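Enquirer:
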Amino acid sequence: MFISDFAIKRPIVTITAMVALVIFGIFALLQLDTDEFPDVQEPIVITTIVYPGAAPDVVEREVVEPIEEAISGISGVNKVRSKSSDGFAVITAEFNFNKDLGDASQEIRDKISEIRSDLPGEIEEPVLSKFSDTDIPVFSMTLSSRTLSSAELTRLADPGITRELRGLPGVAQVSVVGEIERELTVELRPDALRAAGVSVAEVVQALQLQNLAVPVGRVSGSLDERTIRLKGRLLEPSDFNQLVVSERNGSIIRLGQLATVRDGTEEPRTLALYNGRDAIGLDVRKSKGYSTTAVSEAVRGRIDDIRARLPAGVLLDVVQ
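Residue numbers for the sequence shown follow this note's numbering, so the first one is 318 and each next one is one higher.
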(Lines of atoms letter the chains of each structure in order from A and count residues from 1; the text may use other names and numbers.)
(Lines give C-alpha, C1' and ligand atoms only; values in the text may rest on other atoms or scores of the structure.)
Protein backbone atom coordinates (compact mmCIF):
# COMPACT_ATOMS: atom_id res chain seq x y z
CA MET A 1 0.00 0.00 0.00
CA PHE A 2 2.82 2.37 0.84
CA ILE A 3 4.31 2.16 -2.67
CA SER A 4 0.97 2.68 -4.42
CA ASP A 5 0.04 5.58 -2.12
CA PHE A 6 3.41 7.22 -2.72
CA ALA A 7 3.07 6.82 -6.51
CA ILE A 8 -0.45 8.31 -6.52
CA LYS A 9 0.32 11.26 -4.24
CA ARG A 10 3.61 12.14 -5.99
CA PRO A 11 2.99 11.56 -9.71
CA ILE A 12 5.86 13.75 -10.88
CA VAL A 13 8.40 11.76 -8.86
CA THR A 14 6.89 8.51 -10.10
CA ILE A 15 6.96 9.55 -13.75
CA THR A 16 10.52 10.85 -13.41
CA ALA A 17 11.65 7.57 -11.86
CA MET A 18 9.98 5.52 -14.60
CA VAL A 19 11.51 7.66 -17.35
CA ALA A 20 14.92 7.30 -15.71
CA LEU A 21 14.50 3.51 -15.54
CA VAL A 22 13.54 3.38 -19.22
CA ILE A 23 16.53 5.53 -20.21
CA PHE A 24 18.96 3.48 -18.16
CA GLY A 25 17.41 0.28 -19.53
CA ILE A 26 17.87 1.41 -23.13
CA PHE A 27 21.46 2.48 -22.38
CA ALA A 28 22.20 -0.90 -20.78
CA LEU A 29 20.66 -2.71 -23.75
CA LEU A 30 22.87 -0.82 -26.19
CA GLN A 31 25.95 -1.69 -24.15
CA LEU A 32 25.03 -5.36 -23.91
CA ASP A 33 27.31 -7.61 -25.96
CA THR A 34 25.57 -9.91 -28.41
CA ASP A 35 27.11 -12.80 -30.27
CA GLU A 36 25.77 -14.93 -33.08
CA PHE A 37 28.15 -17.70 -31.98
CA PRO A 38 28.44 -17.47 -28.17
CA ASP A 39 31.18 -19.36 -26.36
CA VAL A 40 29.18 -22.49 -25.67
CA GLN A 41 30.99 -25.80 -25.80
CA GLU A 42 28.96 -28.00 -28.14
CA PRO A 43 28.73 -31.62 -26.91
CA ILE A 44 30.27 -32.99 -30.10
CA VAL A 45 33.29 -35.29 -30.49
CA ILE A 46 34.78 -35.91 -33.95
CA THR A 47 36.80 -39.07 -34.60
CA THR A 48 39.07 -39.11 -37.65
CA ILE A 49 40.57 -42.37 -38.92
CA VAL A 50 42.98 -42.91 -41.82
CA TYR A 51 42.87 -46.24 -43.67
CA PRO A 52 45.54 -45.95 -46.42
CA GLY A 53 44.54 -47.25 -49.84
CA ALA A 54 41.04 -48.38 -48.88
CA ALA A 55 38.02 -47.62 -51.08
CA PRO A 56 35.06 -45.76 -49.51
CA ASP A 57 32.89 -48.89 -49.33
CA VAL A 58 35.70 -50.80 -47.60
CA VAL A 59 36.21 -47.96 -45.13
CA GLU A 60 32.47 -47.94 -44.44
CA ARG A 61 32.22 -51.70 -43.94
CA GLU A 62 35.43 -52.45 -42.06
CA VAL A 63 35.95 -49.28 -40.01
CA VAL A 64 32.92 -47.01 -39.79
CA GLU A 65 30.18 -49.55 -39.06
CA PRO A 66 31.98 -51.31 -36.15
CA ILE A 67 32.97 -47.99 -34.56
CA GLU A 68 29.50 -46.49 -35.00
CA GLU A 69 27.98 -49.52 -33.29
CA ALA A 70 30.45 -49.26 -30.41
CA ILE A 71 29.93 -45.51 -29.93
CA SER A 72 26.15 -45.85 -30.03
CA GLY A 73 26.33 -47.84 -26.81
CA ILE A 74 27.81 -44.92 -24.84
CA SER A 75 25.40 -43.23 -22.44
CA GLY A 76 24.25 -39.76 -23.45
CA VAL A 77 24.70 -40.21 -27.20
CA ASN A 78 22.03 -38.41 -29.21
CA LYS A 79 23.21 -38.99 -32.75
CA VAL A 80 26.11 -40.60 -34.60
CA ARG A 81 26.85 -39.72 -38.22
CA SER A 82 29.78 -40.55 -40.46
CA LYS A 83 31.43 -39.85 -43.79
CA SER A 84 33.60 -42.33 -45.69
CA SER A 85 35.98 -41.47 -48.52
CA ASP A 86 39.13 -42.91 -50.10
CA GLY A 87 41.33 -44.00 -47.21
CA PHE A 88 39.57 -41.73 -44.76
CA ALA A 89 36.67 -41.76 -42.31
CA VAL A 90 35.11 -39.10 -40.09
CA ILE A 91 32.68 -40.13 -37.35
CA THR A 92 30.79 -37.42 -35.46
CA ALA A 93 29.08 -38.18 -32.15
CA GLU A 94 26.60 -35.70 -30.63
CA PHE A 95 25.91 -35.96 -26.88
CA ASN A 96 23.40 -34.51 -24.44
CA PHE A 97 24.34 -31.08 -23.10
CA ASN A 98 24.77 -32.48 -19.60
CA LYS A 99 27.46 -34.89 -20.83
CA ASP A 100 31.02 -33.94 -19.90
CA LEU A 101 33.08 -33.81 -23.11
CA GLY A 102 36.19 -35.06 -21.38
CA ASP A 103 34.35 -38.16 -20.20
CA ALA A 104 32.74 -38.59 -23.64
CA SER A 105 36.11 -38.49 -25.40
CA GLN A 106 37.60 -41.00 -23.00
CA GLU A 107 34.63 -43.35 -23.40
CA ILE A 108 34.99 -43.22 -27.19
CA ARG A 109 38.69 -44.07 -26.87
CA ASP A 110 37.84 -46.96 -24.57
CA LYS A 111 35.19 -48.31 -26.96
CA ILE A 112 37.57 -48.15 -29.92
CA SER A 113 40.26 -49.90 -27.87
CA GLU A 114 37.82 -52.70 -27.05
CA ILE A 115 37.19 -53.45 -30.73
CA ARG A 116 40.69 -52.57 -31.98
CA SER A 117 41.52 -56.21 -32.69
CA ASP A 118 38.47 -56.43 -34.99
CA LEU A 119 39.53 -53.41 -37.05
CA PRO A 120 42.01 -53.58 -39.97
CA GLY A 121 45.61 -53.54 -38.80
CA GLU A 122 46.50 -50.98 -41.47
CA ILE A 123 44.44 -48.15 -39.99
CA GLU A 124 46.29 -45.34 -38.26
CA GLU A 125 45.62 -44.35 -34.68
CA PRO A 126 42.22 -42.57 -34.44
CA VAL A 127 42.37 -38.84 -33.75
CA LEU A 128 39.66 -37.36 -31.52
CA SER A 129 38.80 -33.66 -31.50
CA LYS A 130 36.14 -31.57 -29.80
CA PHE A 131 33.93 -29.23 -31.78
CA SER A 132 34.41 -25.53 -30.99
CA ASP A 133 32.34 -22.53 -32.01
CA THR A 134 35.56 -20.82 -33.09
CA ASP A 135 35.80 -23.39 -35.92
CA ILE A 136 32.89 -21.65 -37.66
CA PRO A 137 33.81 -18.72 -39.93
CA VAL A 138 32.17 -15.49 -38.75
CA PHE A 139 32.90 -13.65 -42.00
CA SER A 140 33.39 -15.01 -45.53
CA MET A 141 34.49 -13.26 -48.72
CA THR A 142 35.40 -14.17 -52.27
CA LEU A 143 38.15 -12.75 -54.42
CA SER A 144 37.25 -13.26 -58.08
CA SER A 145 38.32 -12.17 -61.55
CA ARG A 146 37.74 -12.91 -65.22
CA THR A 147 41.32 -11.93 -66.13
CA LEU A 148 43.43 -13.44 -63.33
CA SER A 149 43.84 -17.15 -62.68
CA SER A 150 43.22 -18.83 -59.34
CA ALA A 151 46.98 -19.04 -58.80
CA GLU A 152 47.34 -15.27 -59.32
CA LEU A 153 44.38 -14.62 -57.01
CA THR A 154 46.03 -16.83 -54.39
CA ARG A 155 49.23 -14.79 -54.50
CA LEU A 156 47.14 -11.63 -54.27
CA ALA A 157 45.24 -12.86 -51.21
CA ASP A 158 48.00 -14.57 -49.27
CA PRO A 159 49.94 -13.16 -47.57
CA GLY A 160 48.78 -9.63 -48.44
CA ILE A 161 45.09 -9.61 -47.52
CA THR A 162 45.28 -12.43 -44.99
CA ARG A 163 48.10 -10.75 -43.05
CA GLU A 164 46.15 -7.49 -42.86
CA LEU A 165 42.99 -9.19 -41.60
CA ARG A 166 44.89 -11.29 -39.04
CA GLY A 167 46.10 -8.07 -37.46
CA LEU A 168 42.56 -7.02 -36.53
CA PRO A 169 41.44 -7.44 -32.89
CA GLY A 170 39.62 -10.70 -32.29
CA VAL A 171 40.68 -12.38 -35.54
CA ALA A 172 42.20 -15.79 -34.81
CA GLN A 173 42.62 -17.16 -38.32
CA VAL A 174 42.09 -16.22 -41.96
CA SER A 175 42.02 -19.27 -44.23
CA VAL A 176 42.06 -19.37 -48.02
CA VAL A 177 39.65 -21.75 -49.78
CA GLY A 178 40.30 -22.99 -53.32
CA GLU A 179 43.84 -21.64 -53.38
CA ILE A 180 46.45 -22.84 -55.86
CA GLU A 181 49.96 -22.43 -54.51
CA ARG A 182 52.98 -21.49 -56.54
CA GLU A 183 55.33 -24.41 -57.20
CA LEU A 184 58.85 -24.48 -58.54
CA THR A 185 59.74 -27.64 -60.46
CA VAL A 186 63.34 -28.81 -60.81
CA GLU A 187 63.73 -31.12 -63.81
CA LEU A 188 67.08 -32.90 -63.67
CA ARG A 189 68.98 -33.63 -66.89
CA PRO A 190 70.43 -37.17 -66.75
CA ASP A 191 73.22 -36.42 -69.26
CA ALA A 192 74.35 -33.38 -67.27
CA LEU A 193 74.31 -35.38 -64.03
CA ARG A 194 76.46 -38.14 -65.52
CA ALA A 195 78.91 -35.68 -67.09
CA ALA A 196 79.36 -33.85 -63.79
CA GLY A 197 79.48 -37.03 -61.74
CA VAL A 198 76.67 -35.80 -59.48
CA SER A 199 73.92 -38.03 -58.09
CA VAL A 200 70.27 -37.18 -57.52
CA ALA A 201 70.84 -37.59 -53.76
CA GLU A 202 73.49 -34.85 -53.85
CA VAL A 203 71.07 -32.49 -55.58
CA VAL A 204 68.35 -33.18 -53.02
CA GLN A 205 70.80 -32.69 -50.16
CA ALA A 206 72.04 -29.40 -51.62
CA LEU A 207 68.48 -28.12 -51.93
CA GLN A 208 67.71 -29.09 -48.35
CA LEU A 209 70.88 -27.56 -46.91
CA GLN A 210 71.00 -24.34 -48.91
CA ASN A 211 67.33 -23.57 -49.22
CA LEU A 212 65.81 -24.57 -45.90
CA ALA A 213 62.77 -22.34 -46.40
CA VAL A 214 61.65 -24.50 -49.33
CA PRO A 215 61.10 -28.13 -48.26
CA VAL A 216 61.49 -30.87 -50.86
CA GLY A 217 58.10 -32.29 -51.75
CA ARG A 218 58.15 -35.46 -53.83
CA VAL A 219 60.58 -37.07 -56.25
CA SER A 220 59.06 -38.85 -59.22
CA GLY A 221 60.26 -40.37 -62.45
CA SER A 222 62.45 -43.22 -63.61
CA LEU A 223 65.84 -44.18 -62.20
CA ASP A 224 67.59 -41.97 -64.73
CA GLU A 225 65.41 -38.89 -64.48
CA ARG A 226 63.55 -37.45 -61.54
CA THR A 227 61.46 -34.39 -60.87
CA ILE A 228 61.78 -32.57 -57.56
CA ARG A 229 58.88 -30.35 -56.63
CA LEU A 230 59.45 -27.56 -54.14
CA LYS A 231 56.85 -25.52 -52.32
CA GLY A 232 57.47 -22.67 -49.95
CA ARG A 233 59.05 -19.25 -50.10
CA LEU A 234 58.37 -17.42 -53.37
CA LEU A 235 61.80 -17.49 -55.03
CA GLU A 236 62.67 -17.00 -58.67
CA PRO A 237 64.05 -19.83 -60.83
CA SER A 238 67.25 -17.79 -61.19
CA ASP A 239 67.79 -18.12 -57.44
CA PHE A 240 67.68 -21.90 -57.71
CA ASN A 241 70.00 -21.89 -60.73
CA GLN A 242 72.72 -20.35 -58.55
CA LEU A 243 72.51 -22.98 -55.81
CA VAL A 244 75.83 -24.76 -55.31
CA VAL A 245 75.32 -28.51 -55.64
CA SER A 246 78.87 -29.83 -55.50
CA GLU A 247 82.51 -29.15 -56.22
CA ARG A 248 84.59 -31.24 -58.61
CA ASN A 249 88.30 -30.69 -59.31
CA GLY A 250 88.15 -27.16 -57.93
CA SER A 251 85.13 -26.22 -60.07
CA ILE A 252 81.80 -25.28 -58.50
CA ILE A 253 78.80 -27.08 -59.99
CA ARG A 254 75.53 -25.16 -59.74
CA LEU A 255 71.98 -26.43 -60.08
CA GLY A 256 71.45 -24.51 -63.31
CA GLN A 257 74.13 -26.68 -64.97
CA LEU A 258 72.28 -29.86 -64.04
CA ALA A 259 68.60 -29.03 -64.25
CA THR A 260 65.90 -26.81 -65.66
CA VAL A 261 63.90 -24.87 -63.06
CA ARG A 262 60.33 -24.03 -64.04
CA ASP A 263 58.00 -21.62 -62.31
CA GLY A 264 54.43 -22.92 -62.16
CA THR A 265 51.67 -23.97 -59.82
CA GLU A 266 50.80 -27.09 -57.90
CA GLU A 267 48.32 -29.59 -59.28
CA PRO A 268 44.82 -28.15 -58.61
CA ARG A 269 42.94 -30.23 -56.04
CA THR A 270 40.12 -27.78 -55.32
CA LEU A 271 38.11 -25.38 -57.47
CA ALA A 272 36.22 -22.25 -56.49
CA LEU A 273 33.92 -20.22 -58.75
CA TYR A 274 31.82 -17.16 -57.96
CA ASN A 275 29.23 -15.95 -60.49
CA GLY A 276 31.07 -17.84 -63.21
CA ARG A 277 34.45 -16.27 -62.42
CA ASP A 278 37.61 -17.92 -61.11
CA ALA A 279 37.63 -17.23 -57.40
CA ILE A 280 39.13 -18.07 -54.06
CA GLY A 281 37.41 -17.81 -50.71
CA LEU A 282 38.56 -16.06 -47.53
CA ASP A 283 37.13 -17.31 -44.23
CA VAL A 284 37.66 -15.32 -41.03
CA ARG A 285 37.47 -17.09 -37.66
CA LYS A 286 37.27 -15.23 -34.38
CA SER A 287 39.27 -15.74 -31.21
CA LYS A 288 37.58 -17.21 -28.17
CA GLY A 289 35.98 -14.57 -25.97
CA TYR A 290 35.45 -11.98 -28.72
CA SER A 291 32.08 -10.85 -30.03
CA THR A 292 31.13 -12.09 -33.48
CA THR A 293 29.50 -8.75 -34.24
CA ALA A 294 32.58 -6.76 -33.23
CA VAL A 295 34.93 -8.94 -35.29
CA SER A 296 32.64 -8.81 -38.33
CA GLU A 297 32.39 -5.02 -38.11
CA ALA A 298 36.18 -4.72 -37.84
CA VAL A 299 36.65 -6.85 -40.97
CA ARG A 300 33.91 -4.99 -42.84
CA GLY A 301 35.62 -1.71 -41.99
CA ARG A 302 38.72 -2.80 -43.91
CA ILE A 303 37.00 -4.02 -47.06
CA ASP A 304 36.82 -0.65 -48.84
CA ASP A 305 40.55 -0.05 -48.23
CA ILE A 306 41.40 -3.50 -49.58
CA ARG A 307 39.17 -3.05 -52.64
CA ALA A 308 40.87 0.25 -53.46
CA ARG A 309 44.24 -1.53 -53.72
CA LEU A 310 43.07 -4.43 -55.88
CA PRO A 311 44.10 -4.61 -59.56
CA ALA A 312 41.55 -3.73 -62.21
CA GLY A 313 39.09 -6.54 -62.86
CA VAL A 314 39.45 -8.12 -59.42
CA LEU A 315 36.35 -8.11 -57.21
CA LEU A 316 36.07 -8.63 -53.45
CA ASP A 317 32.55 -9.69 -52.43
CA VAL A 318 31.10 -10.41 -49.01
CA VAL A 319 29.39 -13.81 -48.91
CA GLN A 320 28.58 -14.04 -45.22
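No residue lacks a Cβ here, since even glycine has one placed at the ideal position from N, Cα and C. As the structure is a prediction and not an experimental result, all values here were calculated from the model.
1. Alpha carbon to alpha carbon, how far is K603 from R378? Give it in angstroms, no decimals.
2. Rounding to the nearest angstrom, what Cα-Cα distance links G618 and F414 in this structure?
3. Helix or strand or just coil, what does DSSP make of D403?
4. Pick out the complete alpha helix (DSSP H) segments inside the stretch 368-433, 4 residues or longer, and give them in chain order.
5. Check whether the stretch 493-504 touches the stretch 590-608, taking contact to mean three or more Cβ pairs, one atom from each stretch, closer than 8 Å.
6. Counting C-beta neighbours from all protein chains within 10 Å, is the total for E442 16 or more, i.e. buried, or is it exposed?
7. Helix, strand or coil for I497? Go by DSSP, reduced to three states.
8. Helix, strand or coil for S568 per DSSP?
9. Report, in whole angstroms, the separation of the C-beta atoms of Q574 and A513, which I expect to be a contact under 8 Å.
10. Do T365 and V339 come within 8 Å of each other at the CB atom, strictly closer than that value?
11. On the DSSP bridge assignment, give the partners of M458 in chain order.
12. For R626 and E614, I'd like the C-alpha separation in whole angstroms.
13. Go ahead and pull the three-state DSSP assignment for R480.
14. CB-CB under 8 Å to G630, same chain, minus the five flanking residues each way: which ones, in chain order?
15. Relative to the C-alpha of I363, which residue among L418, S392, F344, R433 is closest?
Expert: Put simply:
1. Your numbering for residue 378 matches position 61 in the sequence shown. Your numbering for residue 603 matches position 286 in the sequence shown. If I take the Cα positions, the gap works out to 38 Å.
2. In the sequence shown, counting from the first residue as 1, residue 618 sits at position 301. In the sequence shown, counting from the first residue as 1, residue 414 sits at position 97. Taking C-alpha positions only, G618 is separated from F414 by approximately 37 Å.
3. Locating residue 403 in the sequence shown gives position 86, counting from the first residue. Coil at D403, not helix or strand.
4. If we require 4 residues or more, the alpha helix (DSSP H) runs fully inside the stretch 368-433 come out as 373-376, 382-389, 418-431.
5. Verdict: yes, contact present.
6. In the sequence shown, counting from the first residue as 1, residue 442 sits at position 125. Answer is exposed; the Cβ neighbour count stays below 16.
7. On the sequence shown, position 180 is the one that residue 497 refers to. Shown here, I497 sits in coil according to DSSP, grouped into three states, outside any helix or strand.
8. If you number the sequence shown from 1, residue 568 lands on position 251. It is a strand residue.
9. Translated into the one-based positions of the sequence shown, residue 574 becomes position 257. Translated into the one-based positions of the sequence shown, residue 513 becomes position 196. Between Q574 and A513, the beta carbon gap of about 7 Å places them in contact (Cβ cut-off 8 Å).
10. As a position in the sequence shown, residue 339 is number 22, starting the count at 1. As a position in the sequence shown, residue 365 is number 48, starting the count at 1. Not in contact: V339 and T365 (Cβ atoms no closer than 8 Å).
11. Here the question's residue 458 lines up with position 141 in the sequence shown. Its beta-bridge partners are L599, V635.
12. In the sequence shown, residue 626 corresponds to position 309, counting from 1. In the sequence shown, residue 614 corresponds to position 297, counting from 1. In a straight line, the C-alpha of R626 is about 20 Å away from that of E614.
13. As a first step, residue 480 is located in the sequence shown; it is residue number 163 there, counting from the start. Note: R480 maps to helix in three-state DSSP.
14. The residue labelled residue 630 in the question sits at position 313 within the sequence shown. Excluding residues within five positions, the ones whose Cβ falls inside 8 Å are S462, R463, T464, L465.
15. Locating residue 363 in the sequence shown gives position 46, where the first residue counts as 1. Relative to the Cα of I363, the nearest Cα in the group L418, S392, F344, R433 belongs to L418.
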